[in-house]
Every structure is written in C-alpha cells, then in structure tokens.
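For the record, in the sequence shown the residue sitting at position 369 is 372 according to the numbering used here, with numbers rising by one throughout. For every residue, glycine included, the Cβ atom is placed at its ideal position computed from N, Cα and C. Quick caveat, the model's predicted, so the values are computed rather than measured.
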Amino acid sequence: MAVHTIKIFHYNDLHSKFHNWPQLVSFLNERRHEDTLVFDLGDHADRTHPATEVTKGQVNVRLLNRLNPTAVTIGNNEGITFPHDWLDSLYEDATFPVLLANVYQADGTRPDWATETLVLERSGVRVGLFGVTAPYEELYPELGWQIESPLTATARALEELKGCDVIIALSHLGFYADERIAEAFPAIDVILGAHTHHVLDDGVMKNGVLIAQAGKYGQYVGEVELTLRDGQVVEKKACLHDLTDHVQDDDTLRALRLEYEQAESLLDVTIAATPGYVSDWFGPSPIAELLADGLMDWCDAEVSILPSGILLEGLAPGQVTLNMLHRICPHPINPCLLTLDGATLLRFLSDVHEEPFTTMHVRGLGFRGTVLGHPIVHGLELKQGRYFLHGNEISLEQMYRVATVDMFTFGPLLPYLADQPKRYFMPELLRDVLRETIMARHDAIRKR
C-alpha cells in the first residue's frame with residue numbers, strides 16, 4: 004500500500020507590508036525541501052508602499068523571485084489598482100508561474116504572463132493547480148481587462164485537471180466565496196484563500212474541501228499536509244505558524260534596505276512650491292478643500308463629497324515632492340462620478356455628516372487611513388439646513404453629477420450608492436488628482 008505526504012506552505016495579502024517578510028523567508032528556507040509546495044495567494048503588491056509605487060510593482064516580483072514560490076495568483080491590488088500596462092509587464096522577469104483562470108485581455112485572449120492551470124508531480128503524485136481572483140466586474144473593464152465568473156473559470160479548470168490525484172485552488176476570492184466554490188466543486192481537495200484576511204487556525208472543512216487562509220501582512224504562514232494512500236487523499240490537516248518572533252533572514256533585510264533607499268531617491272522629485280496646507284479631520288482642512296476642488300474639476304462634476312480623513316497629513320510651506328504626496332495620500336482609491344437624483348444626494352450628504360460615520364475606523368476598501376473624518380463638500384451652499392446649487396435649492400427629482408471616492412460605492416459603507424449610475428476614473432488615483440491640482444495652482448500663482 005503506497006502512502007505519500009504532500010506538504011504545502013501558503014500566505015496571502017502581504018500588501019507590501021515588508022516588516023514580516025524577512026521572517027517569512029527565513030521560516031520557509033528552514034522548512035521547505037525539494038517536494039514542498041509554496042504559494043502566494045495575491046495582494047503581495049500594494050501601491051501604498053513607496054517602493055511598490057515607484058517600481059510599478061517590480062520590487063515585489065524581485066522579492067518573490069528570491070523566495071522562489073511554486074506558483075502565485077493575483078489579488079485585487081495587482082488587478083485593479085495597477086494600470087493595464089503595469090500589470091501586463093509586472094511578471095516579465097518572474098521566475099515563477101502566475102496561475103489565473105478568470106482574467107483576460109480586452110480581446111478575450113489570455114495574457115502572456117498568466118497560466119490557467121498547472122500540473123506538477125510530487126513523489127509520483129499528480130498535483131493539479133489553478134488560480135482565480137475576485138471578479139470586480141465594473142472595474143476590470145475600465146482598465147482594459149475582461150473578468151470572468153470564478154464559477155465558470157473553476158468548472159473549466161477542473162475539466163482540464165481531470166486525472167490529477169490532488170487538486171488545489173489558489174483563490175483570491177475571499178472566505179465566503181471560497182465556501183461557495185467548495186459547495187459547488189467537491190472535486191477540489193484544498194482551497195488556499197485570501198482577500199478577506201481570515202485567520203483560519205486549523206482550516207475549515209466545507210463539503211469535503213479544506214479551506215485554508217493565513218490572515219494578512221505575513222504575520223502567519225499556513226501549512227497544509229495531505230496524506231494519500233494509493234493515489235487517494237485520505238487525510239487533510241491545516242495549521243498556522245505565527246512569525247512574530249521568528250528569526251529574520253539577513254540577506255532579505257539587506258535587499259529590502261537597498262530597495263527602500265532606491266525608492267526614496269526616485270520619489271524625491273519636486274513638483275511645486277506651495278504656501279502650505281493644513282489638514283484637520285474634524286475642523287477646517289485646507290488640504291482636503293484643495294483636493295475636493297480638484298476632484299470636482301477632474302470628474303466634471305457639479306458637486307464633490309470627500310472624507311477629510313483621506314488625507315493623512317497636511318503640507319508644510321515650501322517645496323512639495325512626489326514622496327510627500329505619497330505619504331499623505333497613500334490609498335489605492337480612484338475618483339468616481341455618481342449620477343444621483345436630489346433625494347439620494349441629500350441622503351448621501353446626511354449620512355456622511357453623522358458622527359458614527361465620521362469617526363468610523365475603516366479597514367479595507369482601499370482606505371489606508373484611520374477614520375473617515377468630517378466630509379468636505381464643494382459646489383453646494385448650505386442655508387438654514389437646506390442645500391443650494393447655483394442659487395437653486397436641491398430638487399428631489401433632478402439629477403446631479405457628484406464626484407466622490409470609489410470606496411463609498413462598493414457597498415459596505417453606503418449600500419444604496421452601489422447601484423447608482425457611476426463612472427470610475429481609472430487608473431488615476433486620488434493622489435494623481437492632488438498632484439495635478441497642486442501643480443495647476445502653483446502655475447496659476449507663478450503667472451500672476
């Protein structure tokens with residue numbers, strides 16, 4: 004009776020938080036051997052980190068090349084915060100395969116850098132792999148990509164992987180979507196998950212499928228062990244390893260230090276000189292007022308509504324560099340133009356002024372700040388509790404063009420905005436709007 008064991012290590016959602024990366028590399032170097040499988044489940048790259056921003060994600064690929072994973076998939080940060088050309092060239096120098104079954108070029112062809120499925124052999128066991136990522140249906144087309152239902156892509160991948168002894172899904176769908184995949188496809192042995200940052204200490208069994216996920220930021224590495232008898236999986240075990248106190252890899256520390264220094268140098272570019280702008284999340288905030296004004300122009304809107312907490316700091320008088328803008332506005336958040344009737348606009352205005360909303364500590368949705376803060380409203384005049392646009396009171400039936408941030412339209416914060424007519428401005432981020440607004444203001448001052 005032939006018995007085989009397959010060892011898998013996985014992690015997810017690093018988000019360019021490299022403080023645990025030297026521990027993660029050290030841990031894997033100690034534990035892995037020739038037959039070990041190692042997977043990154045996406046969102047390794049995040050434009051909130053200056054090195055990721057200035058290298059267009061190449062720093063992340065260089066770090067992954069040093070780690071030498073068995074395969075990776077992409078997350079929403081690589082997929083919908085990177086411009087099309089960034090993602091299309093991101094993996095040109097990668098020494099590892101990228102598994103992705105549900106993202107295509109605009110013409111329907113598979114991108115050169117992605118593989119739908121992969122079959123490996125470990126100790127005579129055929130291991131089938133495929134990857135799927137979260138289907139942001141409104142956003143991928145804006146960047147020149149097609150996105151397919153993960154259910155459809157999974158069914159096709161499983162057909163291609165027939166005959167494998169073990170099937171592993173690399174998923175950046177989130178835990179609850181992984182549960183739905185497990186219910187629909189019991190032929191999958193393991194779903195290695197990401198996106199929702201679940202810490203699944205022992206994994207979760209659903210319909211006979213083991214779902215594993217390892218938190219975020221490299222604090223944990225997940226381990227899955229599969230036992231096969233005569234080519235059949237007879238046991239599945241999962242656990243997490245906390246890397247907080249693990250020894251660091253010296254070579255990785257040196258590599259990161261060099262990457263940081265180069266990034267700082269590349270972002271040390273002066274774009275303008277300003278009189279300075281103060282930031283205040285719950286009081287007058289000239290820097291947020293400036294961004295709200297620029298956002299309204301950028302989106303060709305009549306009104307702009309912006310949470311002041313989107314700007315983490317103000318700007319001191321003097322020169323402004325790209326590095327400063329990245330520091331005060333690190334979010335991978337895009338401008339959004341909503342078309343709202345007056346009744347919905349007034350509801351929007353009321354909700355964002357409520358104290359529970361302004362003091363909300365937001366995690367995810369692209370927000371990398373602390374609290375949302377008091378809203379900055381441009382284009383409207385408030386008189387005796389009523390809003391006016393160009394001297395006319397807001398009409399409940401009339402339609403208005405409202406510029407805001409994409410995070411308000413994704414559902415969790417203001418669910419009624421999710422179904423409103425909208426246009427996302429991509430790949431521009433809020434800091435691009437801030438940069439252009441500051442430069443335009445600087446040019447106007449110089450010409451006086």
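| Asked | Found |
| --- | --- |
| Can you have a look at methionine 299 and say buried or exposed, based on whether 16 or more other CB atoms are within 10 angstroms of its CB? | buried |
| Does the beta-carbon distance from isoleucine 170 to isoleucine 184 come in below 8 Å? | no |
| Which full runs of the beta strand (DSSP E) of 3+ residues lie inside the region 348 to 389, going along the chain? | 378 to 381, 384 to 386 |
| Valine 57 to glutamate 262, Cα distance in whole Å? | 10 Å |
| Start and end of the beta strand (DSSP E) containing aspartate 245? | 235 to 245 |
| Can you look up threonine 324 in the DSSP assignment and give me helix, strand or coil? | strand |
| In angstroms, rounded to a whole number, what distance separates the CA positions of valine 62 and serine 311? | 31 Å |
| Among residues of its own chain, excluding the 5 on either side of cysteine 339, which ones have a beta-carbon nearer than 8 Å to its beta-carbon? | Cys302, Ala406, Thr407, Val408, Asp409, Phe411, Thr412, Lys425, Arg426, Tyr427, Phe428 |
| What residues in its chain sit with their C-beta under 7 Å from that of histidine 377, if we drop five residues either side in the sequence? | Trp284, Phe285, Ser311, Thr361 |
| Since aspartate 43 sits in a beta bridge, which residues does DSSP pair it with? | Tyr14, Val75 |
| DSSP three-state call for tryptophan 148: helix, strand or coil? | strand |
| I'd like the span of the alpha helix (DSSP H) that includes arginine 297, first residue to last. | Before going on, a small fix: residue 297 reads as glycine here, not arginine. Unbroken alpha helix (DSSP H) run through glycine 297: 289 to 301. |
| Quick one: grab the DSSP three-state call for leucine 103. | coil |
| Between glutamate 81 and the rest of its own chain, which residues show a CB-CB distance below 8 Å, the 5 nearest in sequence each way excluded? | Gly45, Asp46, His47, Ala48, Gly60, Leu90, Leu93 |
| Leaving out five residues before and five after serine 307 in sequence, what residues of the same chain have Cβ atoms less than 8 Å from its Cβ? | Ala295, Asp296, Leu298, Met299, Ile379, Val380, His381, Gly382, Val405, Ala406, Thr407 |
| Thinking just about the alpha-carbon of each residue, which of Thr73, Phe30, Val237 is nearest to the one in leucine 102? | Thr73 |
| For arginine 404, which beta-bridge partners are listed by DSSP? | Thr342 |
| Shortest alpha-carbon distance to leucine 213 belongs to which of His200, Pro287, Ala172? | Ala172 |
| What residues match up with lysine 425 in a beta bridge as DSSP calls it? | Leu341 |
| Considering just the uninterrupted stretch of the alpha helix (DSSP H) at serine 92, what are its terminal residues? | 87 to 93 |
| Decide yes or no for the touch test of the region 65 to 72 against the region 118 to 134: beta carbon pairs closer than 8 Å, at least 3 of them. | no |
| Taking the CB atoms as reference points, tell me whether valine 224 and leucine 27 lie closer together than 8 Å. | yes |
| Between which two residues does the beta strand (DSSP E) harbouring glutamate 124 extend? | 120 to 125 |
| Output the distance between the C-alpha atoms of glutamate 228 and lysine 10, rounded to the nearest integer angstrom. | 5 Å |
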